[in-house]
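Q: After the structure tokens below, expect a handful of questions from me.
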Amino acid sequence: MNGLRGLWVAGPLLGLCVAVWAQEGTPRYPPTLPDASVHVYKTVGETALRLWVFEPHGHEASDRRPAAVFFFGGGWRTGSPAQFERQAKALRDRGMVGIVADYRVSSRHGTRPWHAVADAHDALRWVASHATELGIDPERMAAAGGSAGGHLAAATASLADPEGQDRAPVRPNALVLFNPAVVMADVEGVFDAPEQLVERFERRLEAMSPYHHLAAGHPPTLVLHGIADALVPADTAVAYCDRIASLGGDCEIVLYGGAPHGFFNRAPHFERTLLQMTRFLERLGWL
């Protein structure tokens, strides 16, 4: 059944022993991910953009397994694909193909956010076009990410490719979004874009705002967001899910009391959000 699902607040863990998964510091760039195969999906000038692919044990090219492509956060300025290494490995251990993607950011490449959107589109396009050799089912391919990376994942489902208007789009079949920046332009009663954001996007906010381009046929979506997020207000995530549901789509949102921005890689929320992600993918029949 379509609609808004599971709008609830995850409170403190009661009587549950959870391993400490807190990730210290900023993930290394370029990442060192020895368990993954590495593929260049795009070259821009002298910049080679890569995907790190985590394959299940015994995986063969003849398989048609579901896959998830993760995009890291960092304000379109910095960050590392290693941010989602553990999530990709967790899906690998459940039989999916987990992939983490690099993309252009301003601190390394002098780029703007719409260049990152173009890279996200190209990453999905490359995975879909190489699905046979990767042993992936291109009809069961999720886009996932956190913060700015959540924006990129959402953008692949609702925004046009800024650099690929002459190429057929490849849309994800599901979204998993961790405190995503999905409302970029003003929405009355929900969000007023700060001037810093307006300047970073050179006044292209509405063109780059997934919320403003939602339409019928949107893929099933899971949003995980902290109520205490001071960078990306939780109200924007709720508005995004409400809008998807109003268009007949399937959006599940889980709000975490007291959780700040970037909460999903810290204890105890890493295991909580991982559990929600796997339950969502189980509901889709992918796990």
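So for the sequence shown, numbering that gives the first Met the number 0 puts the first residue at 0; every next one is plus one. Every residue, glycine too, gets a C-beta built ideally from N, C-alpha and C. As the structure is a prediction and not an experimental result, all values here were calculated from the model.
1. Quick one: residues in its chain with C-beta nearer than 8 Å to the C-beta of MET183, no 5 flanking neighbours on either side, listed in chain order?
2. To test your reading of the DSSP string, which unbroken beta strand (DSSP E) runs of 3 or more residues are found completely within the segment 71-130?
3. Give me the DSSP bridge partner(s) of ILE252.
4. Could you give the C-beta distance for GLN275 and LEU221, rounded to a whole number, given that I count them as a contact under 8 Å?
5. Assuming the contact rule is C-beta atoms closer than 8 Å, ALA227 and GLY257 should be a hit. Round their C-beta distance to whole Å, please.
6. Below 7 Å between beta carbons: does that hold for HIS58 and GLY144?
7. Under a three-way DSSP split, which group does THR42 fall into?
8. Closest to SER79 by CA distance: which of TRP51, PRO55, ALA67 is it?
9. In or out: VAL37 buried (at least 16 other Cβ within 10 Å) or exposed?
10. Considering only C-alpha positions, which residue in the set ARG49, ASP165, ARG111 is nearest to PRO30?
11. Using the Cα positions of VAL237 and VAL181, report the straight-line distance between them to the nearest angstrom.
12. Are the beta-carbon atoms belonging to THR272 and LEU223 less than 7 Å from one another?
13. Whose C-alpha, out of ARG139, THR25, VAL43, is nearest the C-alpha of LEU174?
14. Taking only the alpha-carbon atoms, compute the straight-line gap between ASP287 and ARG91 and give it to the nearest angstrom.
15. Using C-beta distances below 6 Å, list every residue in its chain close to GLY72, excluding the 5 sequence neighbours before and after it, in chain order.
16. Ordered along the chain, which non-local residues of its own chain (more than five positions away) have a Cβ less than 6 Å from that of GLN164?
17. Given a threshold of 16 other Cβ atoms within 10 Å of its Cβ, counted over all protein chains shown, does GLY109 qualify as buried or as exposed?
18. Can you tell me the Cα-Cα spacing of ARG27 and TYR102, whole angstroms?
19. Between HIS268 and the rest of its own chain, which residues show a CB-CB distance below 7 Å, the 5 nearest in sequence each way excluded?
20. Mark SER157 as exposed unless 16 or more other C-beta atoms lie within 10 angstroms of its C-beta, in which case mark it buried.
21. What does a CB cutoff of less than 6 Å around GLY94 pick up in its chain, not counting 5 residues either side in sequence?
A: On the basis of the coordinates in this document:
1. Position 184 of the sequence shown, counted from the first residue, corresponds to residue 183. Taken in chain order, the residues that qualify are HIS150, ALA192, LEU196, PHE200, LEU204, GLU205, MET207, SER208, PRO209, TYR210, HIS211.
2. 96-100
3. Looking up residue 252 in the sequence shown gives position 253. Bridge partners of ILE252 according to DSSP: VAL222.
4. Translated into the one-based positions of the sequence shown, residue 275 becomes position 276. Translated into the one-based positions of the sequence shown, residue 221 becomes position 222. GLN275 to LEU221, Cβ: 7 Å. Contact.
5. Stepping through the sequence shown from its first residue, residue 227 is reached at position 228. Stepping through the sequence shown from its first residue, residue 257 is reached at position 258. Going by Cβ atoms, the distance from ALA227 to GLY257 rounds to 5 Å, so yes, they are a contact pair.
6. Working through the sequence shown from its first residue, we reach residue 58 at position 59. Working through the sequence shown from its first residue, we reach residue 144 at position 145. No, these two residues do not count as a Cβ contact at 7 Å.
7. Translated into positions along the sequence shown, residue 42 becomes position 43. THR42 falls in the strand class under three-state DSSP.
8. Your numbering for residue 79 matches position 80 in the sequence shown. Shortest Cα-Cα distance from SER79 to any of TRP51, PRO55, ALA67 involves TRP51.
9. Position 38 of the sequence shown, counting from 1, holds the residue named residue 37. Result: exposed.
10. Start at 1 with the first residue of the sequence shown, and residue 30 comes out as number 31. Selected option, being the one with the closest Cα: ARG49.
11. Here residue 237 refers to the residue found at position 238 of the sequence shown. Here residue 181 refers to the residue found at position 182 of the sequence shown. Near 10 Å, if we compare the C-alpha coordinates of VAL181 and VAL237.
12. The count along the sequence shown starts at 1 and reaches residue 272 at position 273. The count along the sequence shown starts at 1 and reaches residue 223 at position 224. Cβ distance < 7 Å, so THR272 and LEU223 count as in contact.
13. Here residue 174 refers to the residue found at position 175 of the sequence shown. LEU174 has its Cα closest to that of ARG139, out of ARG139, THR25, VAL43.
14. Here the chain covers residues 0 to 286 and nothing more, so residue 287 does not appear.
15. Indexing the sequence shown from 1 puts residue 72 at position 73. Cβ within range, chain order: GLY78, GLY145, SER146, ALA147, GLY148.
16. Working through the sequence shown from its first residue, we reach residue 164 at position 165. The answer is none, since no qualifying residue turns up.
17. Your numbering for residue 109 matches position 110 in the sequence shown. Under this definition GLY109 is an exposed residue.
18. Numbered from its first residue, the sequence shown carries residue 27 at position 28. Numbered from its first residue, the sequence shown carries residue 102 at position 103. Whole-angstrom Cα-Cα distance: 15 Å.
19. Numbered from 1 along the sequence shown, position 269 holds the residue referred to as residue 268. The answer, listed in chain order, is TYR255, ALA258, PHE262.
20. Sequence index remark: in the sequence shown, residue 157 carries index 158 (1-based). By the 10 Å Cβ count, SER157 comes out buried.
21. Here residue 94 refers to the residue found at position 95 when the sequence shown is read from its first residue. So the list reads PRO55, once near-sequence residues are dropped.
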